[in-house]
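Residue 134 in this note's numbering sits at position 124 of the sequence shown, with consecutive numbering throughout. Positions of the beta carbon are idealized from the N, C-alpha and C atoms, including for glycine. In this text, all values refer to a predicted model and were calculated from it rather than measured experimentally. Below you'll find the structure, written out as structure tokens, and then a few comments.
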Amino acid sequence: MEEQRDVADRISGQYAGMSKNQKAIAEFILEHMDQAVFMTAAKLGEALGISESTVVRFAARIGYAGYPEFQKALEERVRGRLNSIREIDAKYGNSSQSELLTSVMTADMEKLHYTMEHLDAAAFEAAVEILMKADNVYIMGLRSNEPLAGFLHFYLNMIRGGVHLLKTTSISETFEQMIRIGCRDCFVGISFPRYSMRTLKAMEFASDRNARVIAVTDSVNSPMNLYSSCHLLARSDMVSIVDSLVAPLSVINALVVALCLRCPREVQKNLEMLEETWNNYQVYLNDEINFIDDEPILNYSLRREPE
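Have a look at this one:
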């Protein structure tokens with residue numbers, strides 16, 4: 011059974027039980043696999059400031075006879091990604107633009123359909139409840155997942171307060187932004203292949219602080235599920251070098267709608283307040299100007315009345 015598992019799946023599956031040095035190796039390999047595939051055990055250890063023997067023991071821990079066998083598995087993983095790109099080129103290379111559009115959109119619809127059929131309704135309801143009751147909500151999604159995190163943050167912020175979007179280039183900055191997270195708070199980690207180890211570390215920290223953790227990811231084998239109490243799974247297969255985020259975005263959109271329906275008066279109040287603020291401060295200036303006798307009349311209710 012172990013022989014059939016991909017090297018990344020093996021690492022992800024055992025990550026939670028690894029030592030500090032082993033986790034450092036795992037994080038480096040998953041984040042920099044294209045670089046790690048060319049490194050000897052000694053070079054990998056030198057790059058991470060750990061011993062060569064620790065690297066060798068890491069390979070044995072995840073089920074390989076030795077480091078050479080582990081390195082061969084890395085090569086197969088990298089080669090598999092390259093083959094996938096060649097297969098896509100062979101499949102779509104001679105297609106017209108309209109055929110390509112139809113093929114990609116059909117593939118996205120299939121992912122949506124698959125997600126609808128397999129999403130755990132109980133997990134979705136639990137996620138809505140957690141987001142409703144949490145004092146603070148921390149959201150993190152990096153690289154290609156950043157638009158998903160931004161979308162959730164934007165609309166969740168219209169529904170309730172205490173919503174924090176973590177945008178950072180280092181794990182130390184992440185911890186600084188969520189240093190006050192506790193048992194009354196919630197963390198939403200969004201990550202699809204290639205999985206972000208920075209997001210995973212943040213989820214581990216949130217879990218250690220007894221916060222409720224929600225994972226938005228692609229499968230039950232995703233490492234993002236290691237520290238989450240609620241898994242929202244959405245299919246996201248690679249169409250070319252671009253990951254399809256249609257199904258994950260739809261799941262997040264459903265979360266937003268469900269939350270709006272739970273507290274419609276609060277949402278209406280927030281939207282009215284926002285609309286008034288836009289008008290008062292002329293945020294959408296071109297939309298708020300009416301020209302009468304060639305003079306702009308601004309809807310600016312905070313303007314001082316004449317004495």
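Check, Outcome
"Measure the CB-CB distance between A131 and L242 and report whether it falls below 8 Å.", "no"
"Less than 8 Å between the beta carbons of L176 and Y148, yes or no?", "yes"
"Looking at the unbroken alpha helix (DSSP H) that takes in V47, where does it start and where does it end?", "Per DSSP, V47 belongs to no alpha helix (DSSP H) and is neither H nor E."
"Use the C-beta contact count for P78: other C-beta atoms within 10 angstroms, 16 or more gives buried, fewer gives exposed.", "exposed"
"Look at the alpha carbon of A46 and the alpha carbon of E85, and state the distance between them as a whole number of angstroms.", "9 Å"
"Could you pull the start and end residues of the beta strand (DSSP E) that M28 belongs to?", "No beta strand (DSSP E) holds M28; DSSP gives it neither H nor E."
"Which term fits G151, buried or exposed, when burial requires 16 or more other beta carbons within 10 angstroms of its beta carbon?", "buried"
"Which class does D145 belong to by DSSP, given the choice of helix, strand or coil?", "coil"
"So, at 8 Å on beta carbons, what are the nonlocal neighbours of M168 in its own chain, with the 5 sequence-adjacent residues on each side left out?", "V277, N280, L281, L284"
"Looking only at C-alpha atoms, which of S217, S206, F164, Y205 sits nearest to I189?", "S217"
"Thinking Q32 and F68 are a contact (beta carbons under 8 Å), I'd like their distance in whole angstroms, please.", "5 Å"
"Are the CB atoms of A26 and L40 within a distance shorter than 8 Å?", "no"
"Distance, Cα to Cα, D145 vs V88?", "43 Å"
"Please classify I302 as buried or exposed, where buried requires at least 16 neighbouring CB atoms within 10 angstroms.", "Note that I302 scores 43 on pLDDT, short of 50, meaning its location in the model is unreliable; the coordinates nonetheless yield the value given after this. I302 should be labelled exposed."
"Confirm the yes/no value for this check: CB of T209, any heavy atom of the ligand GTP, distance under 7 Å.", "Ligands are entirely absent from the displayed structure, and the ligand GTP is therefore not among its contents."
"Taking contact to mean at least 3 C-beta pairs separated by less than 8 Å, is the stretch 183 to 197 in contact with the stretch 208 to 215?", "yes"
"Can you give, in chain order, each stretch of the beta strand (DSSP E) that sits fully within the stretch 157 to 187 and has at least 3 residues?", "173 to 175"
"Of the choices V256, L265, A244, L259, whose alpha-carbon is the least far from that of T125?", "A244"
"Out of V66, C270, E127, S154, which one is the CA nearest neighbour of P203?", "S154"
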